[in-house]
Amino acid sequence: MPLIAGPKLTNFEDVHPDLRKEAIGLIADVLAKSKSSNRPRLIHLCGIPGAGKTRYAKQWISQNCDFVCVQFDTVMEQLSGYCRDRSELGLAKAFQKWELPARAIGYHLFQSLVENRRNILFDHSATSKSHIELIQNVKNMGYHTEMHYLSCSPDEAIRRVQQREKIIQRHTPEKLIHDRHNALPELLPVYESLVDLFVSVS
Numbered sequence: 000m001p002l003i004a005g006p007k008l009t010n011f012e013d014v015h016p017d018l019r020k021e022a023i024g025l026i027a028d029v030l031a032k033s034k035s036s037n038r039p040r041l042i043h044l045c046g047i048p049g050a051g052k053t054r055y056a057k058q059w060i061s062q063n064c065d066f067v068c069v070q071f072d073t074v075m076e077q078l079s080g081y082c083r084d085r086s087e088l089g090l091a092k093a094f095q096k097w098e099l100p101a102r103a104i105g106y107h108l109f110q111s112l113v114e115n116r117r118n119i120l121f122d123h124s125a126t127s128k129s130h131i132e133l134i135q136n137v138k139n140m141g142y143h144t145e146m147h148y149l150s151c152s153p154d155e156a157i158r159r160v161q162q163r164e165k166i167i168q169r170h171t172p173e174k175l176i177h178d179r180h181n182a183l184p185e186l187l188p189v190y191e192s193l194v195d196l197f198v199s200v201s
């Protein structure tokens, strides 16, 4: 059983064969709990880790129940292998081991939702150039596209993620924050001209 029906929306990794069954179940569960839309919308969040995207996403979903939130960290936390390694290896090593497998499943989940015309809130930093192609292809499939940008300094983001790790047991490397902060200045003008609506969230 294929995880997606058509060509990939952008160049993302295949799901490891050992994780296919778990991925199929996860995607099927999300599809079963959501409905298609005649005028589907994609809201792509943008901002470094710690900028407040997840909090913003939770508030948005609470007020817009017809949207599905796609977040790779949430995908990772649903994987049995990650949960096991988090207990046995610790947060940092478990994150390092499972970040990429979860990302692959997350992109397949995202594309499956697009192919089934769900309204999507994509909780992602948008710091990968590949998301320019991804958003353009989603637009070509008839979606109204928006980007909601949350600005935050690296120092403030690091402080927030350190507090968050103590509360919800989710690790975020400091290098990841700086790398993504450095990537945004080049990408933001491109996104602003690409999407149907660009929103700066204060």
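The numbers in numbering that gives the first Met the number 0 rise by one with no breaks, and the one at position 55 of the sequence shown is 54. Ideal Cβ placement from N, Cα and C applies to all residues, glycine included.
inquiry  = Given this structure, state the Cα-to-Cα distance separating ASP195 from ASP122, to the nearest angstrom.
reply    = 18 Å
message = Considering just the uninterrupted stretch of the alpha helix (DSSP H) at ASN181, what are its terminal residues?
response = 173-193
inquiry  = My assumption, with CB atoms under 8 Å, is that ALA22 sits in contact with HIS143. Please give the rounded CB distance.
reply    = In fact, because the Cβ distance is near 28 Å, the residues do not count as touching under 8 Å.
request  = Take every Cβ of the region 22-39, pair it with every Cβ of the region 60-71, and state whether three or more of those distances are shorter than 8 Å.
outcome  = yes
key: Local conformation of SER152 per DSSP, three classes   = coil
ask   = CB-CB under 6 Å to ARG116, same chain, minus the five flanking residues each way: which ones, in chain order?
value = SER35, SER36, PRO39
inquiry  = Classify GLN62: buried if its beta carbon has 16 or more other beta carbons within 10 angstroms, exposed otherwise.
reply    = exposed
inquiry  = Assuming the contact rule is C-beta atoms closer than 8 Å, ARG179 and SER124 should be a hit. Round their C-beta distance to whole Å, please.
reply    = 5 Å
LEU183 versus ARG159, ALA50, THR9, residue with shortest Cα-Cα distance = ALA50
request  = Could you spell out where the alpha helix (DSSP H) holding CYS82 opens and where it closes?
outcome  = 79-88
ask   = Taking the Cβ atom as the reference point for each residue, do ASN118 and LEU8 lie within a distance shorter than 8 Å?
value = no
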